[in-house]
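Residue 44 in this note's numbering sits at position 43 of the sequence shown; the count goes up by one each step and never skips.
We put the CB at the ideal spot given by N, CA and C, even for glycine.
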Amino acid sequence: MKEFAATEWQRALRTLASGSQLVDTDPDSAASRAYYAAFHALTALFALRGQTFSKHSALRGALHRELIKTGQWSADIGRSYDFLIDMRETGDYGGLISVSQNDAGMALAKAESIIEAVKQYCPEFA
Numbered sequence: 002m003k004e005f006a007a008t009e010w011q012r013a014l015r016t017l018a019s020g021s022q023l024v025d026t027d028p029d030s031a032a033s034r035a036y037y038a039a040f041h042a043l044t045a046l047f048a049l050r051g052q053t054f055s056k057h058s059a060l061r062g063a064l065h066r067e068l069i070k071t072g073q074w075s076a077d078i079g080r081s082y083d084f085l086i087d088m089r090e091t092g093d094y095g096g097l098i099s100v101s102q103n104d105a106g107m108a109l110a111k112a113e114s115i116i117e118a119v120k121q122y123c124p125e126f127a
C-alpha cells in the first residue's frame with residue numbers, strides 16, 4: 002500500500018504542475034488538473050491508512066466524514082475540494098459553459114492547499 006500511496010503522491014505533484022502550465026491557455030483543462038491533483042493527494046493519504054475507493058464520491062465522503070467532521074481538518078478544506086469537483090465537472094462536461102481563467106487559478110490554489118494539508122498530515126510526503 003505504501004508504494005501505491007507514493008505513486009499517487011507523485012502523480013498529485015505532477016498533475017498540479019501540469020495544471021499550472023495550462024491556466025492561461027486552457028482554463029477548463031487547468032481546473033480538471035487541479036481537481037485530479039487534489040484527488041491523487043487524498044487517495045495517497047487514505048492509501049496510507051489502508052483505504053482505497055472505487056468511486057470519486059466515496060473519496061469525497063471519506064474526506065468529509067473522517068477528516069472534516071472529526072475536526073482534524075478545517076471545513077475550508079472540504080469546501081475547497083467541493084469547489085474543485087464543481088470546476089472539474091464544468092471543465093469536463095460544461096458544454097457551453099467554461100471555467101474562467103480566474104476560477105482555474107482559484108482551483109489550482111485550492112488544490113495546492115489540499116496538497117499542503119496532506120503533506121502536513123502525512124510526514125512521509127514532506
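By the neighbour-count definition (other C-beta atoms within 10 Å, threshold 16), Thr-71 is an exposed residue.
Under the DSSP assignment, Gln-102 falls in the alpha helix (DSSP H) whose first and last residues are 102-122.
Distance from the CA atom of Tyr-122 to the CA atom of Arg-61, rounded to whole angstroms, is 17 Å. Nearest Cα to His-41 within the set Leu-97, Ala-7, Asp-87, Pro-124: Ala-7.
Leu-49 is positioned such that its CB atom lies closer than 9 Å to that of Lys-3.
The C-beta separation of Ile-115 from Ala-32 comes to about 14 Å, leaving the pair out of contact by the 8 Å criterion. Between Asp-25 and Ser-99, the C-beta gap is not smaller than 9 Å, which leaves the two residues out of contact.
When the five nearest sequence neighbours on each side are left out, no beta carbon in the same chain lies closer than 7 Å to the beta carbon of Glu-117.
Going by C-alpha positions, Asn-103 is about 33 Å away from Phe-5. The C-alpha of Arg-34 lies about 5 Å from the C-alpha of Gly-20.
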